[in-house]
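Shown next, in C-alpha cells, is the structure this report addresses.
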Amino acid sequence: GTAGVYLATWPHSLGGGLTWGHGLLHVADAVLVAGLTAVGFVVGRVVTWRGIALVLALGCYLLLGISAYVDTPSGRLAPAQEPGVSEGIPALWLAPVIAVWVGGLALAALVGHLARRRLLALVPLLAAALAGTVLVQTGDDAWRTDPRAQRLVCDDGTPRICVTERHRNLLAPTGEALSGLRERLAGAPGLPERFVEERRGHRVRRDSGEVPLPSFTPLGRTVVRGEVADEAVFTWETVAGLISPDCPDPSGGALEDVVWTYLAPAHRRNLSDPAEALRWAERYRGAEGVAETRAALNKLDRLRALPE
C-alpha cells in the first residue's frame with residue numbers, strides 16, 4: 001500500500017523527496033503491524049470470548065490515537081510519530097528505537113505465552129523499557145527542520161521569483177502564473193527585488209525588497225498535482241502583498257482597488273467585473289457606494305488607456 005501511494009504521487013512530487021529517516025519509519029510501521037498481530041494472537045489464545053477481537057481493536061485505536069495527540073513526554077511513545085511542522089525530518093535513530101519499543105512489548109507477550117522458560121520474556125521487555133525511556137527523554141531532538149525548507153531557488157525574471165528548495169518544482173509554474181503581472185510591472189519605479197516564498201523563522205519585510213508569495217501549503221488548495229490551481233487568483237493574492245497599505249491616495253478615491261484590478265484582472269475580484277462590482281456596491285453600500293464604484297471604474301479605464 002505504501003509503495004502504491006508513492007508511485008501514484010511520484011509524478012507530482014515537489015522536490016522535497018524522501019530521506020533515510022522517513023524510509024526507516026515505514027519499517028518501524030511494519031514492526032508495529034507485526035507486533036499488533038502477535039499481541040492479538042496471544043490475547044486470542046488467553047481469552048476465549050469472541051468479542052475480545054472487537055474490544056482489542058477499539059482499545060488499540062484509542063490508545064494509539066489519543067497518545068499521538070497528547071503533547072506530553074509520554075505522548076512521544078506513540079508509534080505514529082509526526083513532526084510539529086511539515087518541514088520536519090526524522091533522525092535516523094528514531095525509527096529503530098520505535099521498532100524496539102513496540103516490537104519488544106509484542107515479543108515479550110509472545111515469548112511469555114509460548115516459551116517454556118517465561119523468564120526469557122524479560123529480555124525483550126527490558127529492551128522495550130530502555131527504548132521507551134529514550135523516546136520520552138528525547139524531546140524535540142527526534143525531528144529537525146529540513147534545510148531544504150530554508151534555502152531559496154530563484155529564477156532570472158524581474159522581479160525575481162524565489163521558492164524554497166523543497167518546492168523547486170513549483171518555480172516554473174509560479175513564473176508562468178505571474179508572467180502577466182511581471183509584464184504590467186515592467187519599468188515601474190520602486191519595484192521589489194523579488195517575490196519570496198515565506199519560510200519558517202524568516203519574516204518577509206517590505207523594506208527588504210521582498211514581497212511574500214501566496215502560501216503553497218496546505219497542498220490541494222493553491223497547488224494541485226504540482227501546478228498552480230488558479231493562476232488568476234494566485235496573481236490576485238500576490239498583488240495583495242505588493243500594495244502598501246501606507247501609501248496615501250491623493251485623489252481621495254479607491255485607487256488601491258483600481259491598481260489592484262489593473263495588475264491582477266481576476267474575474268469577480270475587485271473591479272474586474274464592472275456589473276458585479278456595481279451590484280455589490282448597491283446592495284451593501286447604497287447610492288454612495290455606487291457613485292464611488294463608478295468613479296473607480298472610470299479611473300481603471302483611464303489607467304488601461306495610458307500608453308506603455
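Residue numbers for the sequence shown follow the numbering used here, so the first one is 1 and each next one is one higher. Ideal Cβ placement from N, Cα and C applies to all residues, glycine included.
Runs of alpha helix (DSSP H) wholly within the segment 157-206 (minimum 4 residues, chain order): 171-177, 179-185
What three-state label does DSSP hand residue 289 in the structure shown? helix
What's the gap between the Cα of residue 332 and the Cα of residue 199? In the structure as shown, the chain starts at 1 and stops at 308, and residue 332 therefore has no counterpart that could be examined.
What is the DSSP secondary structure of residue 88, counted as helix, strand or coil? strand
Could you check if residue 202 is buried or exposed, using at least 16 other CB atoms within 10 Å of its CB as the buried criterion? exposed
Among 263, 307, 257, whose alpha-carbon lies nearest the alpha-carbon of residue 238? When each option's Cα is compared against that of residue 238, the closest is 263.
Within-8 Å CB hit, residue 180 to chain C: Considering every chain present, this structure includes no chain C. It has just one protein chain.
Using C-beta distances below 6 Å, list every residue in its chain close to residue 270, excluding the 5 sequence neighbours before and after it, in chain order. 257, 260, 261
Please look up how many angstroms separate the CB atoms of residue 21 and residue 91, rounded, as I've assumed it's under 8 Å. 6 Å
By DSSP's criteria, residue 144 is part of a beta bridge. Which residues make up the other side? 89
Let me check one thing: in DSSP terms, what residues is residue 212 bridge-paired to? 196
Residue 73: buried (16+ other C-beta within 10 angstroms of its C-beta) or exposed? exposed
If you draw a straight line from the alpha carbon of residue 60 to that of residue 42, how long is it in whole angstroms? One alpha carbon belongs to residue 60, the other to residue 42, and they sit about 15 Å apart.
CB contact flag (residue 56, residue 40, <8 Å): yes
Closest to residue 63 by CA distance: which of 28, 79, 228 is it? It is 79.
Go ahead and pull the three-state DSSP assignment for residue 70. coil
Under 8 Å between the Cβ atoms of residue 195 and residue 159? With a cutoff of 8 Å on beta-carbon distance, residue 195 and residue 159 are scored as near each other.
Count the CB pairs spanning the segment 112-132 and the segment 160-174 that are closer than 8 Å, and state whether there are at least three. Contact between the segment 112-132 and the segment 160-174 is absent, because fewer than three Cβ pairs lie under 8 Å.
What number of angstroms, rounded off, separates the C-alpha of residue 287 from the C-alpha of residue 265? 25 Å
Between which two residues does the alpha helix (DSSP H) containing residue 5 stretch? 2-9
How would you call residue 17, buried or exposed, if buried means at least 16 neighbouring beta carbons within 10 angstroms? exposed
Beta-carbon within less than 6 Å of residue 225's beta-carbon, same chain only, minus the 5 sequence neighbours each way: which residues are those? 12
Could you name the residues of the same chain whose beta carbon sits closer than 6 Å to that of residue 99, not counting the 5 residues immediately before and after it, in chain order? 28, 31
What number of angstroms, rounded off, separates the C-alpha of residue 126 from the C-alpha of residue 134? 13 Å
Starting from residue 223, follow its DSSP beta bridges and name the residues at the other end. Per DSSP, 228.
Candidates 67, 132, 142, 307: which alpha carbon is nearest residue 25's? Comparing Cα-Cα distances from residue 25 to each of 67, 132, 142, 307, the minimum goes to 142.
Cutoff 6 Å; reference residue 67; Cβ partners in own chain excluding five residues on either side: For residue 67, where only same-chain residues beyond five positions count, the Cβ hits under 6 Å are 75, 78.
By Cβ distance, which residues of its chain are closer than 6 Å to residue 117, with the 5 residues on each side in sequence left out? none
Residue 211 to residue 58, Cα distance in whole Å? Rounded to whole angstroms, the gap between the alpha carbons of residue 211 and residue 58 is 49 Å.
Tell me, which residues are paired with residue 102 by DSSP? Its beta-bridge partners do not exist; DSSP assigns none.
Considering only the alpha carbon of each residue, which of 232, 233, 255 lies closest to residue 243? 255
For residue 47, the first and last residue of its enclosing beta strand (DSSP E): Note, residue 47: premise wrong, no beta strand (DSSP E); not H, not E.
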